[in-house]
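Data first, discussion second: the structure below is written as structure tokens.
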């Protein structure tokens with residue numbers, strides 16, 4: 003009995019090694035194309051909900067793989083299905099497509115000099131968050147998986163999503179709209195995987211975590227209404243500026259005094275204050291705009307309860323009126339890596355990157371609308387290193403900046419992760 007089990011294990015390991023050899027061979031062959039695609043996307047970025055040429059480029063390539071391709075999803079999104087012809091799960095793989103209104107400062111052969119219209123103004127456009135690499139990696143995985151169709155069980159759905167950075171004012175977009183348009187249906191998705199390149203993590207590494215990995219984001223606006231008066235006679239006023247100052251400080255105590263910080267994490271940031279126009283006039287109104295970030299449901303629910311209580315309490319104490327709009331115009335849920343799925347796929351992640359290169363990371367208070375997919379089906383969101391190893395992390399530029407840079411060599415691991423996560427999930 004022991005001998006039989008040992009023999010089965012050897013056969014299984016041999017099959018795994020052979021499959022990995024094939025994946026590696028195919029990825030080595032596709033890597034130059036992945037780099038070419040990334041350079042194209044980087045040189046010709048488009049803003050959220052305006053990814054028209056980007057979508058055409060992607061769709062044309064997916065058609066060449068003989069996939070079932072749908073365009074115009076959530077305005078500019080592209081979805082393709084690879085059907086193995088055999089029963090099995092439906093695995094979705096997602097990449098985001100949009101650039102940002104940032105002027106690139108890098109001296110690259112494929113540097114972006116593109117401009118576009120944003121809020122009625124002409125602005126520069128740059129892939130300053132790595133979405134160019136995300137698209138290229140997913141196209142590479144599509145090619146490899148199409149070439150390994152005979153080893154698939156079920157279907158793969160490739161989702162190229164627009165407007166991850168947020169739709170323009172007055173529009174809707176992104177993953178939330180894709181979900182509303184049933185992108186996870188027909189065929190019904192069982193599980194979804196997504197990657198984000200990191201300019202601050204070494205090439206060849208992958209970072210992961212279980213549970214809440216990126217924060218929910220809830221923008222808000224507070225309008226404080228007082229009574230206008232001459233600045234020399236403040237007792238004749240109901241001062242909305244002083245009220246706003248007390249409100250800003252009081253809101254911070256929700257985190258410092260009401261959130262159990264050893265278990266939960268939360269952020270309240272006021273990013274904009276507007277009120278008044280002269281030094282000697284106390285205005286009648288002040289507007290505050292800010293954001294809330296939370297990493298679990300408990301903290302988020304507490305923030306939603308405490309914000310109106312604090313706002314009303316401070317306003318009442320000052321004799322002012324205050325109107326809170328929460329959420330303001332959009333909000334994202336928590337990016338939540340399903341713990342069971344994380345445990346199931348961690349061996350694949352470690353085998354693909356090498357155990358020493360698979361690093362458990364702490365959650366971050368940035369946000370991702372991949373979370374809308376994870377609300378519907380189990381999903382994992384991972385970070386792939388894009389920083390050259392000879393560059394100290396302190397010298398690597400931040401995301402969303404003109405100097406943002408990731409190295410082409412980081413994409414190879416991303417393609418391999420998307421491929422192996424799909425193959426292993428299907429064959430488990």
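Numbering (the working numbering), first residue to last: 3 to 430.
Glycine included, C-beta positions come from ideal geometry on N, C-alpha and C.
Computed from a predicted structure; not experimentally measured.
Item	Value
Can you name the start and end residues of the alpha helix (DSSP H) that residue 338 belongs to?	Taken as a continuous stretch (DSSP letters only), residue 338 belongs to no alpha helix (DSSP H), being part of the beta strand (DSSP E) at 337 to 339.
Would you give the residue range spanned by the beta strand (DSSP E) that residue 98 belongs to?	92 to 98
What separation, rounded to the nearest whole angstrom, lies between the Cα atoms of residue 334 and residue 147?	31 angstroms
For the segment 198 to 208 and the segment 380 to 399, state whether three or more C-beta atom pairs, one from each stretch, are separated by less than 8 angstroms.	yes
So within the segment 293 to 355, which uninterrupted alpha helix (DSSP H) runs reach at least 4 residues, ignoring any that extend past its ends?	299 to 320 and 341 to 355
Would DSSP call residue 195 helix, strand or coil?	strand
Using the beta-carbon count (16 or more within 10 Å), is residue 20 buried or exposed?	Confidence at residue 20 is low in this model, with a pLDDT of 45, below 50, so its placement is unreliable and the value that follows should be read with caution. Result: exposed.
Please go through the same chain and pick out, in chain order, the residues whose beta-carbon is closer than 6 angstroms to the beta-carbon of residue 363, but skip the five residues on each side of it.	209 and 211
Alpha carbon to alpha carbon, what distance is there between residue 125 and residue 287?	31 angstroms
Check each candidate in 401, 36 and 27 and name the one with the smallest Cα separation from residue 413.	36
Would you mind giving the Cβ-Cβ distance between residue 285 and residue 242, rounded to the nearest angstrom? I have them listed as a contact below 8 angstroms.	6 angstroms
Express the C-alpha separation of residue 171 and residue 278 in angstroms, rounding to a whole number.	25 angstroms
May I ask you to report which of helix, strand or coil DSSP gives residue 268?	strand
Can you tell me whether residue 418 is buried or exposed, with buried defined as 16 or more other CB within 10 angstroms of its CB?	buried
Residue 33: which of 138, 305 and 188 sits nearest, CA to CA?	138
For the beta strand (DSSP E) that residue 227 lies in, which residues bound it at each end?	218 to 227
Use the C-beta contact count for residue 251: other C-beta atoms within 10 angstroms, 16 or more gives buried, fewer gives exposed.	exposed
Secondary structure at residue 433, three-state DSSP: helix, strand or coil?	The displayed coordinates of the chain run from 3 to 430. Any statement about residue 433 would go beyond what the structure contains.
Which residue from 72, 302, 295 and 70 puts its Cα closest to that of residue 272?	295
Determine the DSSP secondary structure at residue 428, reduced to helix, strand or coil.	helix
Is the CB-CB distance between residue 116 and residue 189 below 8 angstroms?	no
Using 8 angstroms as the Cβ pair cut-off and three pairs as the minimum, do the segment 74 to 83 and the segment 159 to 178 touch?	yes
Check whether the segment 209 to 229 touches the segment 299 to 310, counting contact only when three or more Cβ pairs, one atom from each stretch, lie closer than 8 angstroms.	yes
Can you check which of these residues, 40, 66 and 108, is closest to residue 399 by C-alpha distance?	108
Based on the DSSP secondary-structure assignment, which residues constitute the bridge partners of residue 76?	Answer is none; residue 76 lacks a bridge partner.
Do residue 186 and residue 379 have their C-beta atoms within less than 8 angstroms of each other?	yes
DSSP state of residue 383, grouped into three classes?	strand
Thinking C-beta only, is residue 359 closer than 8 angstroms to residue 206?	yes
Using alpha carbons as the reference points, say which of 248, 249 and 270 lies closest to residue 258.	270
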